[in-house]
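See structure below.
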Amino acid sequence: QVVTCWQQAVEAYRAAGSTWGECTALSNLAESSLAMDDLPAAEQYASRARALALQMENAELTAVNEQILAVTALQRGDLDAAATLATQAVAHHRQVNNQAHTANALAILARVVNAQGDSNQALSHLQESVAILRQLDNRLYLQQRLYELGQVALHAGRLRMAESALYEALSLANTREEQENIWQTLWQAAQAYQQHGYEQDARRLAQKVIAADSAPEDVRGMARALLHAANLATESMGGSVSDKTGHK
123 QVVTCWQQAV
133 EAYRAAGSTW
143 GECTALSNLA
153 ESSLAMDDLP
163 AAEQYASRAR
173 ALALQMENAE
183 LTAVNEQILA
193 VTALQRGDLD
203 AAATLATQAV
213 AHHRQVNNQA
223 HTANALAILA
233 RVVNAQGDSN
243 QALSHLQESV
253 AILRQLDNRL
263 YLQQRLYELG
273 QVALHAGRLR
283 MAESALYEAL
293 SLANTREEQE
303 NIWQTLWQAA
313 QAYQQHGYEQ
323 DARRLAQKVI
333 AADSAPEDVR
343 GMARALLHAA
353 NLATESMGGS
363 VSDKTGHK
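Per this note's numbering, the sequence shown runs over residues 123 to 370.
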């Protein structure tokens with residue numbers, strides 16, 4: 123029904139000769155289609171809207187549709203196109219000094235470059251996005267971005283950065299599901315510490331997972347198993363524990 127209303131708006135604005143109205147309606151159609159996971163429709167509407175926005179030299183509407191096109195390109199695996207579009211969206215949002223949208227476009231760009239294998243650049247974009255959202259005091263999107271930063275840092279082996287971002291995301295979490303997801307990722311960080319030989323950090327984080335009421339019970343169980351195995355290993359070595367710590 124929402125899509126039908128916007129389609130009717132497109133036709134009405136076009137009949138009235140309002141390029142701005144048609145572009146805005148097409149942009150809303152693109153966003154609605156993307157929200158419904160109709161990627162072909164989202165790409166079609168966003169392409170038409172972007173062409174009109176460029177014609178009007180409207181940087182903000184251009185950027186909004188470049189973001190959508192970047193997401194659809196990423197979804198279909200065209201990483202080069204996605205990177206170009208996301209970079210253009212960041213530049214256009216900065217041109218009109220829209221900080222909130224700049225932060226969002228940076229997050230999209232981070233996902234693209236991470237998919238291209240450049241985790242360091244992805245982390246840089248996410249850190250900039252986090253800094254903007256912190257300045258805007260946008261707690262909802264800040265929590266989401268910190269969680270994403272923690273995940274990327276974890277997979278990049280930046281364990282200290284991951285843990286710090288995840289704990290801050292946890293402090294901003296509003297739902298039980300968000301808390302459980304973050305504790306799940308923190309458990310993965312504990313495993314990563316252990317795999318890299320950072321036994322003290324693995325123990326420390328496993329103990330925090332075990333003590334967390336909001337951590338899923340299966341995750342707490344796995345943390346108990348890790349801690350038990352670590353204790354057995356320590357006993358077999360006569361009580362000595364590696365003093366290697368995760369300073370990455």
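Ideal placement from N, C-alpha and C gives every residue a C-beta, glycine not left out.
Since we're looking at a predicted model, the values are computed, not measured.
Original post:
Three or more C-beta pairs closer than 8 Å, one from the region 145-165 and one from the region 179-194: is that the case here?
Top reply: Short answer: they touch.
Original post:
Relative to the C-alpha of residue 355, which residue among 322, 158, 138, 343 is closest?
Top reply: 322
Subject >> Backbone CA spacing between residue 223 and residue 283 [nearest angstrom] >> reply: 25 Å
Subject >> Exposure of residue 205, with buried meaning 16 or more beta-carbon neighbours within 10 Å >> reply: By the 10 Å Cβ count, residue 205 comes out buried.
**OP:** Put residue 193 into one of helix, strand or coil per three-state DSSP.
**Re:** It is helical.
**OP:** Leaving out five residues on either side along the sequence, give the residues of the same chain with a beta carbon under 8 Å from the beta carbon of residue 349.
**Re:** 325, 328, 329, 332
Subject >> Cα-Cα separation between residue 254 and residue 129, rounded to whole angstroms >> reply: 35 Å
**OP:** Just the C-alpha distance for residue 194 and residue 228, rounded to the nearest angstrom, thanks.
**Re:** Distance between the alpha carbons of residue 194 and residue 228 is about 16 Å.
Original post:
Could you give the distance in angstroms between the alpha-carbon of residue 262 and the alpha-carbon of residue 176?
Top reply: 31 Å
**OP:** Output the distance between the C-alpha atoms of residue 369 and residue 281, rounded to the nearest integer angstrom.
**Re:** With a pLDDT of 48 at residue 369, under the threshold of 50, the modelled position of this residue cannot be trusted; read the value that follows with caution. Using only the alpha carbons, I get a separation of about 8 Å.
Original post:
Can you name the start and end residues of the alpha helix (DSSP H) that residue 240 belongs to?
Top reply: Counting along the chain, no alpha helix (DSSP H) covers residue 240, and no H or E run does either.
Original post:
Along the chain, where does the alpha helix (DSSP H) that runs through residue 318 open and close?
Top reply: Residue 318 -> no alpha helix (DSSP H), and no H or E assigned at all.
**OP:** Could you tell me which of 259, 258, 201, 256 sits nearest to residue 231, measuring between CA atoms?
**Re:** Among 259, 258, 201, 256, the Cα nearest to that of residue 231 belongs to 201.
Subject >> Best match in 304, 300, 298 for proximity to residue 288 [C-alpha to C-alpha] >> reply: Minimum Cα distance to residue 288 is reached at 304.
**OP:** Inspect the beta-carbon positions of residue 124 and residue 154 and report whether they are closer than 9 Å.
**Re:** Contact flag set, yes.
Subject >> Through-space distance from residue 298 to residue 340, alpha-carbon basis >> reply: 15 Å
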